[in-house]
Amino acid sequence: MLASAALVILVSRCSCLQFSYPIFDTSNEADFGFSPGSGIADGALQITPSTGNMSHRSGRVLYTRETLKLWNSKRTALTSFATEFVLNILPRNGTGEGMAFFLTNNPQLPGNSSGPWLGVTNNQTDGSPANRVVAVEFDTRKSTMDDLDGNHVGLDVNTVESLFTYPLSNVSIVLSSGSDVRVGVQYDGASTVLSIGALQEGHVFTHELLIDLSQFLLEDISFGFAASTGEFTQLNQIKSWNFVTIGDDRGGHRKKVGLLVALMTLLTLAIAGGSCLAFYVWRRVTWQRRQAYRNLEKMIDARGPIRFKLRELRSATANFSPDRKLGRGGFGTVYLGYLPKMNMEVAVKRVSTTSTAAGNNNNSSSNSNRGEKEFVAEVNTISRLSHRNLVKLMGWCHERGELLLVYEYFPMGSLDKLLYSSDANNNERTEQQQQQELSWERRFKIICGVASALEYLHHGSSQRVLHRDVKASNVMLDAEYAPRLGDFGLARVVHLDGATHHSTQAVAGTRGYMAYETLFTGRASLDTDVYAFGVFAMEVLTGRSPGAPVLHYDGDDDDDHHHHHGSRRGKPMYIVDWVWKLYGEGRAPRAVDAARWTRRRWSAW
């Protein structure tokens, strides 16, 4: 996958427990302990047998080169760890039963642990504190009345009756579909927050809960994977696995660390860089923080933009008439306004104090604070900036609970409206009009302009700024089709010298444009901004939405022909995977926006 292939970081030296297996082969067998029937085959850990008698079986695979120390030598802090793995469950005869990532002080596979026991416990031991096992389960069959359904994730402590369960069908993830599921599990020893994330074909699940592992586990922990089958069978496979700890203070020899997948490095650095504090603050939104946002005027007055009166902006927008509505963004609605004193049209953004971010916090008080936070962030960030490819903030208003931002107005509108086959009034345009409006030269100019703006934010302004939401709908076009990057509601200034990242609890950004590590960790960086820009560039070139699947036809010379005429079935893929697939097949030019380019013109290019 493009993100995994491109984002790789070299970590020079580390005393923590860490390893990375991008693929498995028989040379890795000495690193693991296998229960009977488990092993390595087809480039993956096979947790239950992959051949022969596969029904009513259970298995475990544990990492055996080292144990995980649950706390440091002085017993002053629990160890933090992060793991990322790709699981693949392939049905053979129906589906059943499931698999789990687990931590335990009893590494041996329990007898008679097939079926609903998932290789974690059995009928005699289930529920006993002596089990000393904590597991994140991925269940593919409703075996008992207590099971939520046949497609859920859960947290098990000494029993397969989960403390927490979530139906993955709610987020369109299907464990037993045969498609890879990328899973992230992170434990913050300081705050005792366990974070679980899963990603399958663009669909995302995330959840966090408090659990003090020291209440259930002893110091030296074995860890790995368990799985089971019943009357119905499936392959329970782990195709890659990365793991890293921090804070275990093992003090032994320092080992040379090779290449780690960027996701794991980012997870580790997030812990080392202070995500414990971020978790704590986010979960305990205090009265002092709420009071700070009551003083918005004090925070903004010195920043430079004009402070407008509410009555001026109500008059300018005809009291925010629906007829003046230009569009809606992540944190508010934008209206067309006219300021008689300045004799000019403006775009007025009415920031919502009840909208939600890309995360899944639905608390109204928290959302209100978030809306105010985005308002302050946008004013304080954009007012410091000056670049020809950035939208100019002209002023603001905070009055009677209204949060309003005033920008220069661009009659051409946002790029996405021109990119996707209909104008602002949803009237279809002819192919000739589309080509004239977004010629290759103009597209190239737009991509270069946004790149210039992003380079300025990262390296050219007085403070490094992470935009965190680069996408076509946030790019405005002037009369000459010059791009202006806007919507700084999610932008953050990196205050520390040399710092390159910003960590949050909620996932910030737009799915389809976000790097995979951001989905799991909420961590933004220069690299994730550049990743979003890369997706944006693909969007401009292909005319395809990053959030909508594209039909791919292996080895064929004309995807669009089959798309329209249905001569054979294509495989749905998202834009990054689709372009990467075409590139690997030597057919990258086929990704170009076919609706706007003739073969002759593209061939000439």
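Numbered per mature numbering (1 follows the signal peptide of the UniProt record, and there is no 0), the sequence shown spans residues -16 to -1, 1 to 589. Think of the CB as a built atom: it goes at the ideal place given N, C-alpha and C, for glycine as much as any other residue. Since this is a predicted model, take the numbers as computed values, not measurements.
| Check | Outcome |
| --- | --- |
| When you compare only the Cα positions, how much space is there between I180 and S4? | 19 Å |
| Any idea which residues DSSP pairs H536 with across the strands? | K555 |
| Which residues bound the beta strand (DSSP E) around A331? | M328 to V335 |
| For P151, which of helix, strand or coil comes out of DSSP? | strand |
| From S22, G78, S153 and G27, pick the residue whose C-alpha is nearest to that of L93; which is it? | S22 |
| Looking at the structure shown, is V177 part of a helix, part of a strand, or coil, going by DSSP? | strand |
| Based on Cα-Cα distance, which residue from G444, L450, V477 and I430 lies nearest to M460? | I430 |
| For K455, does the three-state DSSP call read helix, strand or coil? | coil |
| Taking the beta strand (DSSP E) that F216 falls in, what are its first and last residues? | Counting along the chain, F216 falls outside any beta strand (DSSP E), and DSSP gives it neither H nor E. |
| If we ignore side chains and look at the alpha-carbon of each, how far apart do A575 and Y515 end up? | 18 Å |
| Ends of the alpha helix (DSSP H) at A435? | W424 to E439 |
| Measuring only the C-alpha atoms, how far is T213 from N37? | 11 Å |
| What is the DSSP secondary structure of T301, reduced to helix, strand or coil? | coil |
| Return the CA-CA distance between F428 and F394, expressed in angstroms with no decimal places. | 20 Å |
| Does the stretch 213 to 230 come within contact of the stretch 92 to 106, defined as at least 3 CB pairs closer than 8 Å? | yes |
| Please list the terminal residues of the continuous beta strand (DSSP E) segment that includes D140. | H136 to V141 |
| Could you name the residues of the same chain whose beta carbon sits closer than 7 Å to that of T317, not counting the 5 residues immediately before and after it, in chain order? | K309 and R334 |
| DSSP on E296, reduced to helix/strand/coil? | helix |
| With F200 as the anchor, note down where its alpha helix (DSSP H) starts and where it stops. | Counting along the chain, F200 falls outside any alpha helix (DSSP H), and DSSP gives it neither H nor E. |
| Do you know whose CA, among V137, N135 and N142, lies nearest N107's CA? | N142 |
| Rounded to the nearest angstrom, what separates W184 and F200 at their Cα positions? | Checking the displayed sequence, the identity of residue 184 turns out to be Gln instead of Trp. Approximately 31 Å between the Cα atoms of the pair. |
| Does the structure place the stretch 524 to 540 close enough to the stretch 553 to 567 that three or more beta carbon pairs sit under 8 Å? | yes |
| Between K555, V45, L197 and I559, which lies nearest to L139 when the distance is taken from Cα to Cα? | L197 |
| From which residue to which residue does the beta strand (DSSP E) around D400 run? | No beta strand (DSSP E) contains D400, which is instead part of the alpha helix (DSSP H) from L399 to L403. |
| Here's a check: name, in chain order, each residue in its chain whose Cβ is nearer than 6 Å to the Cβ of K223, leaving out the five neighbours to either side. | A28, V70 and N72 |
| Looking only at C-alpha atoms, which of W380, I230 and S370 sits nearest to E296? | W380 |
| So what does DSSP say about D131, is it helix, strand or coil? | coil |
| What's the gap between the Cα of I157 and the Cα of Q2? | 29 Å |
| Taking the straight line between their C-alpha atoms, what separation do you get for E501 and A300? | 43 Å |
| Counting pairs of Cβ atoms below 8 Å between the stretch 507 to 521 and the stretch 434 to 442, do you hit three or more? | yes |
| Which residues in the same chain as K293 place their Cβ atom closer than 8 Å to its Cβ, once the five residues preceding and following it in sequence are excluded? | C381 and E383 |
| In or out: K455 buried (at least 16 other Cβ within 10 Å) or exposed? | buried |
| Do you know whose CA, among S336, E121 and N458, lies nearest F148's CA? | E121 |
| Got a sec, what are the start and stop residues for the beta strand (DSSP E) D172 sits in? | V165 to D172 |
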